[in-house]
Amino acid sequence: MHTSRKSAIGFIFVTLLIDVMGWGLIIPVMADLIAQLKHIPVNEASTYGALLLSVFAITQFLFAPVIGNLSDRYGRRPVLLFSLLGFGIDYIILALAPTYGWLFVGRVIAGITGASFTTATAYIADISTDETSRAKNFGLIGAAFGLGFVLGPALGALLATWGIRAPFYAAAALCLLNCLYGYFLLPESLSKENRRPFEWKRANPFGSLQFLTKHPEIGGLAFGFFLIYLGGQSVQGNWNFFTIYRFNWTEKMVGISLAVVGVLVGAVQAGLTRVVVPKLGNEKSIYVGLSLYTLGLILFAFATQGWMMFAFLVPYCLGGICGPSLQSVISVHVPANQQGELQGALTSLMSLTTIIGPLIMNSTFTYFTTNKAPFHFPGIHFLIGAVCMLLSIVIIWKVLNREKKVHPELSEAFAHGGSQADTPVH
Numbered sequence: 077m078h079t080s081r082k083s084a085i086g087f088i089f090v091t092l093l094i095d096v097m098g099w100g101l102i103i104p105v106m107a108d109l110i111a112q113l114k115h116i117p118v119n120e121a122s123t124y125g126a127l128l129l130s131v132f133a134i135t136q137f138l139f140a141p142v143i144g145n146l147s148d149r150y151g152r153r154p155v156l157l158f159s160l161l162g163f164g165i166d167y168i169i170l171a172l173a174p175t176y177g178w179l180f181v182g183r184v185i186a187g188i189t190g191a192s193f194t195t196a197t198a199y200i201a202d203i204s205t206d207e208t209s210r211a212k213n214f215g216l217i218g219a220a221f222g223l224g225f226v227l228g229p230a231l232g233a234l235l236a237t238w239g240i241r242a243p244f245y246a247a248a249a250l251c252l253l254n255c256l257y258g259y260f261l262l263p264e265s266l267s268k269e270n271r272r273p274f275e276w277k278r279a280n281p282f283g284s285l286q287f288l289t290k291h292p293e294i295g296g297l298a299f300g301f302f303l304i305y306l307g308g309q310s311v312q313g314n315w316n317f318f319t320i321y322r323f324n325w326t327e328k329m330v331g332i333s334l335a336v337v338g339v340l341v342g343a344v345q346a347g348l349t350r351v352v353v354p355k356l357g358n359e360k361s362i363y364v365g366l367s368l369y370t371l372g373l374i375l376f377a378f379a380t381q382g383w384m385m386f387a388f389l390v391p392y393c394l395g396g397i398c399g400p401s402l403q404s405v406i407s408v409h410v411p412a413n414q415q416g417e418l419q420g421a422l423t424s425l426m427s428l429t430t431i432i433g434p435l436i437m438n439s440t441f442t443y444f445t446t447n448k449a450p451f452h453f454p455g456i457h458f459l460i461g462a463v464c465m466l467l468s469i470v471i472i473w474k475v476l477n478r479e480k481k482v483h484p485e486l487s488e489a490f491a492h493g494g495s496q497a498d499t500p501v502h
């Protein structure tokens, strides 16, 4: 049983790693592939890239709770294998796509089947025997994401030298091989007596957002959280299109830059946050982090040479210290038995930014790099992201100052980091 559980954890780790790596593999070549298929310059291809990101996010937002509920009904194993198979098919379609429309089909399939993260998390909860092993096993999720964000783009950059389609074949092979491995070796983690009937009302993707309407006291902070992730889409959704257009970067250079992002983000989340946040406290960490995000985005907007993007990644990635602190401050506002619902609501807000963010940022970039624009400014979407960050600072500052006046006892929690065990605000 111990050996079986250990091999299952290994499979889940590899599944999550492949999930993250798969998208990282194809980002370096996606911009040029879209431009090639549409027969347009790469700056105009950015809008079409945004549509692919948004349709994936929409289908995942709608189907993730459905897939999650199906795993409660039929077990984790078939859902995980189905998800891997779906991603494998998606990458094959992307590799063979003769037209842009086929890229659209592939992303829809991936969005529908792409519930590997949610189901993998449930699998870990099923097989973890105690709190210690659960924390240790969940730590593998962060490790898989960190490693995937570094390896995926780096490997994609390497494979791109063999052809624009090579990374798609590699991603498909990884998914299908892992699916085959899981078919023969992955045991089911959810016993039949613990399964429940499928209910459509539990599969409502908007259900978690309703939680925010029940807690108006966190509305302002949640809006600030939304603006942060919306601003971040100026980088996440358009980095490859912008750098290829502005600095004539190759697929290899795009992949290397994204691998650097992975290293910096990993260093901030795994190391720096644990040192800085206890010293500054949650509230100051939020303001410092958001200020660094804003600075990084403004610098990106006015960069004139490619090497500057690497230098400006440092302040931008350092801004990551604000995320854990903001979530900690928000968590003070709800009791311990509602923390799961809170995290679900915040995840839904993040999903919404992934749906609308690329459409806003990429379309603006495209417009201001064409003759239709009143002036030429490729980095304008980064300024929009910076404005989002500045607005979030103002909103969060006003909310926290107001609350400290009404609830003076919260000053300590905001300054040094409240936990979900603290007395929530009502």
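Residue numbers for the sequence shown follow the numbering used here, so the first one is 77 and each next one is one higher. We put the beta carbon where it would ideally sit given N, CA and C, even for glycine. It should be emphasised that the depicted structure is a prediction, and the values quoted were computed from it without experimental measurement.
- Within the same chain, and ignoring the five residues on either side of residue 300 in sequence, the residues whose Cβ sits closer than 7 Å to its Cβ are 468, 471, 472.
- Its Cα nearest to that of residue 366, the residue 465 stands out among 465, 230, 114.
- When DSSP states are grouped into helix, strand and coil, residue 359 belongs to the helix group.
- Residue 255 and residue 182 do not touch by the CB rule: their CB atoms are close to 17 Å apart, not below 8 Å.
- No residue range can be given for residue 281, since it is assigned to no alpha helix (DSSP H) and is classified by DSSP as neither H nor E.
- When secondary structure is reduced to three states using DSSP, residue 446 falls in the coil class, being assigned neither helix nor strand.
- Distance check between residue 390 and each of 362, 398, 397, 372 places 372 closest, using alpha-carbon atoms only.
- For the set 101, 369, 461, the Cα lying nearest the Cα of residue 314 is the one of 461.
- Setting aside the 5 residues that flank it on each side, residue 306 is surrounded in the same chain by 429, 433, 464, each with a C-beta closer than 7 Å to its C-beta; the list follows chain order.
- Across the structure, residue 91 and residue 160 are spaced so that their CA atoms are roughly 8 Å apart.
- In this structure, DSSP gives residue 262 a state outside helix and strand, which the three-state scheme calls coil.
- Annotated as distal: residue 188 and residue 84, with beta-carbon spacing of 8 Å or more.
- Residue 286 is classed as exposed because its beta carbon has fewer than 16 other beta carbons within 10 Å across all chains shown.
- CA-CA distance, residue 377 to residue 455, rounds to 4 Å.
- Exposure of residue 452 is indicated by the presence of fewer than 16 other C-beta atoms within 10 angstroms of its C-beta.
- Residue 457 sits in a helix when the DSSP states are folded into three classes.
- For the pair residue 330 and residue 394, the CB atoms are not nearer than the 8 Å cut-off.
- Burial of residue 158 is indicated by the presence of at least 16 other C-beta atoms within 10 angstroms of its C-beta.
- Under a 10 Å Cβ-count criterion, residue 369 is classified as buried, with 16 or more other Cβ atoms of the shown protein chains found around its own Cβ.
- At the C-beta level, residue 438 and residue 323 stay beyond 8 Å of one another.
- The three-state reading of DSSP puts residue 343 in helix, counting H, G and I together.
- One alpha carbon belongs to residue 457, the other to residue 335, and they sit about 22 Å apart.
- With a threshold of 16 other beta carbon atoms within 10 Å, residue 111 meets it and is buried.
- Segment contact: the region 235–254 against the region 87–101, three or more CB-CB distances shorter than 8 Å; contact assigned.
- Taking the CA atoms as reference points, residue 297 sits about 13 Å from residue 358.
- The beta carbons of residue 97 and residue 262 sit no closer together than 8 Å.
- Cβ-Cβ separation between residue 155 and residue 143: approximately 6 Å, consistent with a contact (criterion under 8 Å).
- Each residue's CA atom was taken as its position, placing residue 375 and residue 248 some 37 Å apart.
- For residue 326, the secondary structure class from DSSP, reduced to helix, strand or coil, is coil.
- Using a Cβ distance threshold of 8 Å, residue 361 and residue 351 do not count as a contacting pair.
- For residue 120, the enclosing alpha helix (DSSP H) begins and ends at 118–150.
- Residue burial annotation: residue 115 is exposed, with fewer than 16 other C-beta atoms found within 10 angstroms of its C-beta.
- Between the alpha carbons of residue 176 and residue 481 lies a distance of about 55 Å.
- Per DSSP, the continuous alpha helix (DSSP H) segment holding residue 407 begins and ends at 398–407.
- Apart from the 5 residues on each side of it in sequence, residue 386 sits with its Cβ closer than 8 Å to the Cβ of 333, 336 in its chain, given in chain order.
- CA-CA distance, residue 355 to residue 312, rounds to 30 Å.
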